[in-house]
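To start, the structure itself, in C-alpha cells.
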Amino acid sequence: MPLTRTIPALLACAVILLSGTSQAGVREDQLAQYASAAKAADPGFAGFSAERGKTLHTQNFAGGKPDTPACTSCHGKDPRGTGRAPSGKTIEAMATSVTPTRYTDPAKVEKWFKRNCTEVLGRLCTPQEKGDWLKFMLGQ
Amino acid sequence: MNMPYRPIILGLLVLGLSALVLGRAQAGGSHYFAPVTNMVVKEECGSCHLPFAPSMLPASSWTRMMANLKDHFGDDATVDPKLAAEITAYLVTNAGDQGGQRYGAKLLRDVSAANAPLRITELPKWNREHRKVPDWEWKHKDVRTKANCAACHTQAELGYYNE
C-alpha cells in the first residue's frame, strides 16, 4: 500500500480502537471521582464493594417515599430484567450485560442518583454508596 | 352552447361529499396528537412516562409546569436550567392553543388558559372520552394510572389515540 494510503488507514484504525476503549474510560473516570470523594470523606476507605452495592440496591429504606422503599421497587428484583416506573413506563435493564449503553453519560448517572436516592433513601447517596452501586451494576 | 349542467352539478356534489367523508377518515382524525419530536424533550420528559403531546394542554399549563419541576406531581423533576429553557420553548410553541391547535383545539374546547390545568386526565373532554372505562381497569396492574396512555392506546408514542 502506498504511504499516502497507509497513514490515513493507520489513523482510522487508531481512532476505531481508541473509541472502543473510551466508553469503559468514562465509567472508570466516574468511579475514580467517586473514589477520591469517598477517600476524602473517610481516610479509611479501602475501595468499592459490589457486595455492598448489591445490599444497597435490594434493601428497604424507611426515609424515602412510601411506594418506593427500595431501588428494586421500580427496577425489579433482577438487574438483568426490565423495571417499571410508577407511571407504568418500562425501565430498561440496569445490567450492562443487557443494556451496554448504561452509565456512559456521567451527568445522566448523577442526575438519576440525585432523584432516585432522594426518593428511596430520603437523602442523597454518598460517593461511597454510588461507587459501590456502580461497581455492582458494572459486574451484572 | 349546450352545457351538460346536470352531470356537472352532480359531479361537484359527489366531489364535495367525498371530501367531507374522506377528510374525517384521515389517519387519526381528531384523535391524532403530534408526538414529541425534540430529542431533549423526549429524553427528559419521557424518562418516567410517555412524553405527553404538547398539543394536549394550553401554553400557560406548560409554563406553569416547567416553573414548578421541584414538585412535579410529587417528584423532583428538576433539570439543567438550559435544558429546562429549551423544553419550555418547545412545549409552549407546540401547545394546544399555539402551534398545536390543529390537534388540540377540540380537546381544549372548554378549557380556560387562565386556569393552566396541569393534568390532561382532568380535562372535561378527556373525562368524557374515558367515562366508560371502569374503575377496575384503571387499577389493573398493567395500567395502574390514568396517565398510562400507552396501556390501551398502543400507538400513543406515534400520536394515535384511536382505540
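Chains X and Y, in that order, are what the protein sequence lines are. Here the first sequence is numbered in this note's numbering, starting from -16 and rising by one per residue. Here the second sequence is numbered in this note's numbering, starting from 2 and rising by one per residue. Even for Gly, the Cβ is constructed at its ideal location relative to N, Cα and C.
(1) Verify whether the separation of the beta carbon atoms of Leu108(Y) and Asp98(Y) is less than 8 Å.
(2) Taking only the alpha-carbon atoms, compute the straight-line gap between Asp50(X) and Cys108(X) and give it to the nearest angstrom.
(3) Given Gln42(X), which residues of its chain have a CB within under 8 Å of its CB, disregarding the five upstream and five downstream residues?
(4) Using a Cβ cut-off of 8 Å (strictly closer), state whether Thr101(X) contacts chain Y.
(5) Count Cβ pairs between the region 115 to 126 of chain Y and the region 62 to 76 of chain Y that sit closer than 8 Å; are there 3 or more?
(6) Am I right that Ala78(Y) and Leu70(Y) are in contact with their C-beta atoms under 8 Å? What's the rounded C-beta distance?
(7) If we ignore side chains and look at the alpha-carbon of each, how far apart do Phe96(X) and Ile74(X) end up?
(8) Identify the contact partners of Thr146(Y) in chain X, using a Cβ-Cβ distance below 9 Å as the criterion.
(9) Who are the Cβ neighbours of Lys22(X) in its own chain at under 7 Å, not counting the five residues just before and after it?
(10) Roughly how far, in whole angstroms, is the beta-carbon of Leu51(Y) from the beta-carbon of Lys72(X), given that I think they are within contact range, below 8 Å?
(11) Quick check on Arg85(X) - is its C-beta less than 8 Å from some C-beta in chain Y?
(12) Any beta carbon of chain X sitting closer than 8 Å to that of Asn149(Y)?
(13) Please tell me whether Arg63(X) has its Cβ less than 8 Å away from any Cβ of chain Y.
(14) Cβ atoms of Met57(Y) and Phe34(Y): under 8 Å apart, would you say?
(15) So, using beta-carbon positions, are Leu104(X) and Phe44(X) closer together than 8 Å?
(16) Under a CB-based cut-off of 8 Å, is Arg106(X) close to chain Y?
(17) Give, in chain order, every unbroken run of the alpha helix (DSSP H) that is at least 4 residues long and sits entirely within the region 45 to 70 of chain X.
(18) State the CB to CB distance for the pair Lys147(Y) and Trp139(Y), rounded to an integer number of angstroms; the pair is presumed to be in contact (CB under 8 Å).
(19) If you measure between the beta carbons of Ala60(Y) and Val37(Y), is that distance less than 8 Å?
(20) Quick one, are the C-beta atoms of Gln111(X) and Pro62(X) less than 8 Å apart?
(21) For Leu119(Y), verify whether its CB is less than 7 Å away from any heavy atom of the ligand SAH.
(22) Cβ closer than 8 Å: which chain X residues qualify as neighbours of Leu92(Y)?
(23) Does the distance from the C-beta atom of Ala68(X) to that of Cys46(Y) stay below 8 Å?
(24) Please list, in chain order, the chain X residues whose beta carbon lies closer than 9 Å to that of Ala152(Y).
(25) With Ala128(X) and Thr65(X) assumed to form a contact (beta carbons below 8 Å), what rounded beta-carbon distance in angstroms separates them?
(26) Of all the CB atoms in chain X, is at least one closer than 8 Å to the CB of Cys49(Y)?
(27) Find the residues of chain X that neighbour Asp77(Y), judging by a C-beta separation of less than 9 Å, and give them in chain order.
(28) Mapping the DSSP letters down to three states, classify His50(Y) as helix, strand or coil.
(29) Residue range of the alpha helix (DSSP H) that His40(X) falls in?
(30) Quick one: is His141(Y) buried, meaning 16 or more other Cβ sit within 10 Å of its Cβ, or exposed?
(31) Let's test the definition: count the other Cβ atoms within 10 Å of the Cβ of Leu39(X) and tell me whether it reaches 16, buried, or not, exposed.
According to the data block:
(1) no
(2) 19 Å
(3) Ala53
(4) yes
(5) yes
(6) 5 Å
(7) 15 Å
(8) Pro69, Ser70 and Gly71
(9) Phe28
(10) 7 Å
(11) no
(12) yes
(13) no
(14) yes
(15) yes
(16) no
(17) 55 to 58
(18) 6 Å
(19) no
(20) no
(21) Annotation note on the ligand SAH: not contained in the displayed structure, which lists no ligands.
(22) Chain X residues near Leu92(Y): none, gap ~18 Å exceeds 8 Å.
(23) no
(24) Gly71
(25) Nothing in the structure corresponds to residue 128(X), since chain X is present only between -16 and 123.
(26) yes
(27) Lys97, Arg98, Thr101 and Glu102
(28) coil
(29) Ala33 to Thr41
(30) exposed
(31) buried
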